[in-house]
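Residue numbers are given in full-length UniProt numbering: position 24 of the sequence shown equals residue 24, and the series is strictly consecutive. Built from N, CA and C at the ideal position, the CB exists for glycine as well. None of these values were measured; they are calculated from a predicted model. In what follows, a single structure is set out as structure tokens and then discussed.
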Amino acid sequence: MAEARFDAGKFTISHLGMYVQDLDMMVEFYTRTLGFVITDRGEGKGTQIVFLSRNSSDHHQLVLVAGRETSLDVRMIQQISFRVDSLEALKSLYPLVKAAPISDMQPVFHGISYSLYFRDPEGNRLEFFADTEWYVTQPCLEPLDLSLPAEQIRAEKKAFSESQPSYRPLKEWQAEFERKFSAV
């Protein structure tokens, strides 16, 4: 009998999140030296988070998270994120991950994406996600039930997003970002 395998077409590595000791210094470096633009900044679970990008198609390519507790000699990766083509593709991964030898599985709705977080067998944090067609300010951490039908998930999460003060179609946010990035 063949093993079940995730096969939802191609996917890409999308963004990197990392813990840092000096958040302000790191933001300064990535914005001034490397030309990233801050797309959002806020607090999630009591921790300061800054989202940065150099591409209007990606709300964030880099996430800097305050609170690194190890020495700078220790290399730290907060997560590795993979974009999949659709919510349906993400849902097809969900039962496979549940059956795998992983830990810390967390389905989360971010407003801008449907995400499934989990740790690989050596403890590295992975995220697989599908984009939505709208924007809300980040961080946004809402429960996500991937056992529900995709259309029900979409309808419920769109209604939630539309109730947020920062809600707007993603294309509007991308156009504003493009203007902001062009001005840098």
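- When the five nearest sequence neighbours on each side are left out, the beta carbons in the same chain lying within less than 6 angstroms of the beta carbon of LYS157 are those of PHE109, in order along the chain.
- Between the C-alpha atoms of THR39 and ASP58 there is a straight-line separation of about 10 angstroms.
- Approximately 7 angstroms separates the beta-carbon atoms of GLU133 and PRO169; this is inside 8 angstroms, confirming the contact.
- Within a 10 Å sphere around the beta-carbon of LEU23 sit 16 or more other beta-carbons, which makes this residue buried.
- In the DSSP assignment, TRP134 is bridged to PRO169.
- Around the C-beta of ARG83, 16 or more other C-beta atoms lie within 10 Å, and the residue is accordingly described as buried.
- Under DSSP, the beta-bridge partners assigned to ALA66 are VAL20.
- Looking at the DSSP output, SER81 shares a beta bridge with GLU127.
- At a Cβ-Cβ threshold of 8 angstroms, VAL50 and MET18 do not count as neighbours.
- Using a Cβ-Cβ distance cut-off of 8 angstroms, the segment 147-167 and the segment 116-126 are not in contact, since fewer than three pairs of beta carbons, one from each stretch, lie closer than that value.
- Counting only runs that start and end inside the segment 143-167, the alpha helix (DSSP H) elements of at least 4 residues fall at 150-162.
- Sequence-distant Cβ neighbours of SER166 in its own chain, meaning closer than 8 angstroms and more than five residues away, are TYR135, VAL136 and THR137.
- The beta carbons of LEU52 and VAL37 sit closer together than 8 angstroms.
- Sequence-distant Cβ neighbours of GLN174 in its own chain, meaning closer than 7 angstroms and more than five residues away, are SER56 and SER57.
- Assigned with DSSP and collapsed to three states, GLN174 falls in helix.
- Residue environment: LYS91 is assigned as buried (16 or more neighbouring CB atoms within 10 Å of its CB, all protein chains considered).
- For the pair ILE153 and TYR117, the CB atoms are not nearer than the 8 angstroms cut-off.
- Put simply, of PHE181, LEU141, PHE128 and GLU172 the residue whose alpha carbon is nearest the alpha carbon of PHE6 is PHE128.
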